[in-house]
Amino acid sequence: QIAYDAARQLAAEGVGVRVVSLPSWELFQAQPADYRAAVLPPDLPKVAIEAAATFGWERWVGNDPRKGAIIGVDRFGASAPYQRIYKEFGLTVERVVDVARQLINGQGQ
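Note that the working numbering has the sequence shown beginning at 11, numbered continuously upward.
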């Protein structure tokens with residue numbers, strides 16, 4: 011829901027956005043390279059949103075912080091209602107929109 015709400019907000023500002031659900035890295039990696047490039051174009055900025063550890067997402071968003079960002083929870087042991095955890099770790103629509111704007115403007119995260 012965070013990704014969709016962020017995409018709607020950015021679209022309302024005239025920013026072209028696509029939301030890609032990537033539940034299985036293995037299945038996605040097994041697809042032909044041209045398909046993967048069509049889904050995640052290498053020349054476009056990307057923001058990955060992960061409600062758990064962000065380890066591994068750089069494979070899909072890239073290692074250049076000016077072109078890709080990963081928002082997630084890289085700490086174990088937090089306990090609270092998910093809304094509070096998400097806010098504490100920046101898993102919010104506002105943060106996703108802000109990070110996306112920074113990438114679009116070439117500033118990185």
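Here a beta-carbon is modelled for each residue, glycine too, at the ideal position from N, C-alpha and C.
Taking only three categories from DSSP, how would you classify residue i?
{"i": "residue 97", "result": "helix"}
{"i": "residue 13", "result": "helix"}
{"i": "residue 57", "result": "strand"}
{"i": "residue 79", "result": "strand"}
{"i": "residue 38", "result": "helix"}
{"i": "residue 117", "result": "coil"}
{"i": "residue 23", "result": "coil"}
{"i": "residue 46", "result": "helix"}
Among residues of its own chain, excluding the 5 on either side of residue i, which ones have a beta-carbon nearer than 8 Å to its beta-carbon?
{"i": "residue 52", "result": "72"}
{"i": "residue 120", "result": "Only positions 11 to 119 of the chain appear in the structure, and residue 120 is not among them; the question remains open."}
{"i": "residue 90", "result": "98"}
Taking C-alpha atoms, which residue in the options lies nearest to residue i?
{"i": "residue 96", "options": "62, 76, 113 and 16", "result": "62"}
{"i": "residue 93", "options": "103, 26 and 110", "result": "103"}
{"i": "residue 100", "options": "48, 114 and 85", "result": "85"}
{"i": "residue 66", "options": "39, 88, 91 and 44", "result": "39"}
{"i": "residue 31", "options": "98, 54 and 50", "result": "50"}
{"i": "residue 54", "options": "35, 37, 25 and 42", "result": "25"}
{"i": "residue 114", "options": "76, 33 and 43", "result": "76"}
{"i": "residue 33", "options": "60, 74 and 68", "result": "60"}
Does the separation of the CB atoms of residue i and residue j fall below 8 Å?
{"i": "residue 58", "j": "residue 70", "result": "yes"}
{"i": "residue 107", "j": "residue 81", "result": "no"}
If I measure Cβ to Cβ from residue i and keep anything under 7 Å in the same chain, skipping five residues before and after, which residues do I get?
{"i": "residue 20", "result": "27, 107 and 110"}
{"i": "residue 46", "result": "38"}
Might you give, ordered along the chain, the residues of its own chain that have their beta carbon closer than 6 Å to the beta carbon of residue i, omitting 5 neighbours on each side?
{"i": "residue 206", "result": "The chain is shown only over 11 to 119; residue 206 falls outside these bounds and no answer can be derived."}
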